[in-house]
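Just so you know, we're using the working numbering here: the sequence shown kicks off at 69 and counts up by one.
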Amino acid sequence: MSREVMVLGAGIVGVSTALQLQLRGWQVLLLDRQGAGERTSFGNAGLIQREAVFPHAFPRALGTILHYASNRSTEVRYQSSMLPRLGFPFWKYWWNSEPERHRQIARHYAALIAHCLEDHLAVAALAGATHLFRPGGYLQVHQHRHSLEAELEAARYKQEHFAVEYTALDAAALSARVPGLREGLAGGIHWQQPLAVVDPHALTLAYLDYFLAQGGEFRTFAAQGLAPEGQGWRLRGEREHLHGERLVLTLGAWTPDLTRGLGWHPSVFVKRGYHMHYAQSAPNELTTPLLDADAGYVLAPMRQGLRLTTGAEFAPRDAPPSPIALDRAELAARQIFPSLGARLDPTPWLGQRPCTSDMLPIIGAFPGRNGLWLNFGHCHQGLTLGPTTGRLLAQLMGGEAPFTDPTPYAPARFS
């Protein structure tokens, strides 16, 4: 049996998948229409989130739903034209977010999250990239007492059931940790285990460089179609076609573009997000990533400056960017961190996160077809889970015993 495989999509998930396959003896051709890590993987908050055992749930409280429906919040923004096409995925998302179902989903999610640190550290050690990690976790701040109390209750559950480590911070302890924060915040949580990445794009490129040094191949290829051919698969490009017995799709939000022609329509929707870098004003420089839990943005120290990432925007995947989400997040950030400096980038960055209605990634064999495999749908945790889901898929493709039951993530659940 041939041990050659094509991996289409070179974000952090695709590069990690290619590397995990290579480490198990596969000869891998990695493909993308542009450079590695230049789409959604380029602009995340740079957190490998060991604490994120609960995927983001759809709100169940009427007050919260009405707050988001007003379309004036910092956490969520939507274009009204998107609502009809989001109806069914959102209904499934809401249904799966019922507390007991969400706890069951969290058990499956945590089975992946629990390995994220060891998998990244193992790959980064091989790639000589551990200098891009900053240990020490991150801070989650709350402006309102009720949201802090709810999150502390969830933190205690995570600690008891999923070995998550945290420290509760009152207002005084929070101010001592971050002198530049305004007074009057309710408090926060220090999540101790996560790793901060000071340059996510550089991390993806470091993994790619190691893959190439070990004999892997990377080519620029703009796939326009996919079809079975003989004992394998044919990728149609702009100027050429490629054929292989085995193909892995790791295209994130663009994966359904190719599977649609095969009659497979997973319940996937897109959350768009923006970032901008800012100057910092000493002596109130922020040295630890900070999540404003009540406004949904992150401030993360990066090589390029202080990165502000926004909440979710629901708009057509390829629609032009809008300034609204970033303007709202920046206004909210300046209210609690007044020393936030000037914008450094000429334009905001925009990325598209692929999300599933059951909040679990899609990992495994394509339903009813031989030689086609999938690894996408990571939503907010592509950086966190890239090496882990890549390892799981490589184990499945090689016939190894998987480190966890792969059934909850199987593409067949959307057949």
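Virtual Cβ for every residue (Gly too), placed ideally from N, Cα, C.
Item, Value
"Residues of its chain near histidine 176, where Cβ-Cβ distance is below 7 angstroms and the 5 sequence neighbours each way are ignored", "Leu428 and Pro476"
"Distance, glycine 458 Cα to proline 435 Cα", "19 angstroms"
"As assigned by DSSP and simplified to three states, the class of tryptophan 441", "strand"
"Distance between beta carbons of leucine 358 and valine 209, contact taken as under 8 angstroms", "6 angstroms"
"Residue nearest to proline 416 in terms of C-alpha spacing, selected from Asn139, His345, Gly93 and Asp187", "His345"
"Beta-carbon gap between leucine 451 and threonine 318 smaller than 9 angstroms", "no"
"Whole alpha helix (DSSP H) elements within the stretch 275-332, 4-residue minimum", "323-327"
"Range of the contiguous alpha helix (DSSP H) that encloses arginine 375", "Premise fails: arginine 375 lies in the beta strand (DSSP E), 373-377, not in any alpha helix (DSSP H)."
"Phenylalanine 382 in three-state terms, based on DSSP", "strand"
"When Glu251, Ala231, Val232 and Glu233 are compared against alanine 240, the one with the closest alpha-carbon", "Glu251"
"Inter-residue spacing [alpha-carbon to alpha-carbon] between glutamate 168 and histidine 446", "22 angstroms"
"Touching by the beta-carbon criterion (3+ pairs, under 8 angstroms), the stretch 190-200 and the stretch 257-277", "yes"
"When Leu418, Ala410 and Leu253 are compared against lysine 339, the one with the closest alpha-carbon", "Leu418"
"Member of Ile116, Gly284 and Pro324 whose CA lies at the smallest distance from the CA of proline 479", "Pro324"
"Extent of the continuous alpha helix (DSSP H) to which leucine 200 belongs", "Per DSSP, leucine 200 belongs to no alpha helix (DSSP H) and is neither H nor E."
"For alanine 104, the nearest candidate out of Val81, Asn164 and Ala113 (CA to CA)", "Val81"
"Range covered by the beta strand (DSSP E) that runs through histidine 345", "336-348"
"Residue from Leu303, Thr142 and Glu119 with nearest C-alpha to lysine 226", "Glu119"
"Straight-line gap, leucine 115 to leucine 453 (C-alpha atoms, nearest Å)", "11 angstroms"
"Counted within 10 angstroms of its Cβ, other Cβ atoms place threonine 424 as buried (16 or more) or exposed", "buried"
"Simplified DSSP assignment, three categories, for proline 26", "The question about residue 26 has no answer here: the residues shown for the chain are numbered 69 through 483."
"Bridge partner(s) assigned by DSSP for alanine 368", "Arg375"
"Endpoints, alpha helix (DSSP H) assigned at histidine 258", "Unbroken run through histidine 258 is the beta strand (DSSP E), 255-259; no alpha helix (DSSP H)."
"C-alpha gap between alanine 433 and proline 474, whole angstroms", "11 angstroms"
"Reference leucine 376, options Ala86, Phe382, Ala401 and Ala387, closest by Cα", "Ala401"
"Strand pairing of glycine 114, partner residues [DSSP]", "Its beta-bridge partners do not exist; DSSP assigns none."
"Isoleucine 257 and threonine 272 closer than 9 angstroms at C-beta", "no"
"Nearest-angstrom beta carbon gap, glycine 373 and alanine 347 [assumed within contact, 8 angstroms]", "6 angstroms"
"Same chain, Cβ closer than 6 angstroms to tyrosine 161, five either side skipped, listed in chain order", "Phe126 and Ser425"
"Residues bridged to histidine 210 (per DSSP)", "Gly255"
"Three-state class that DSSP yields for alanine 192 in the structure shown", "helix"
"Where the alpha helix (DSSP H) containing arginine 153 begins and where it ends", "151-164"
"Alpha helix (DSSP H) segments (min. 4 residues) lying fully within the stretch 217-253", "239-245"
"Closest by C-alpha distance to leucine 330, when choosing among Ala178, Val96 and Asn438", "Asn438"
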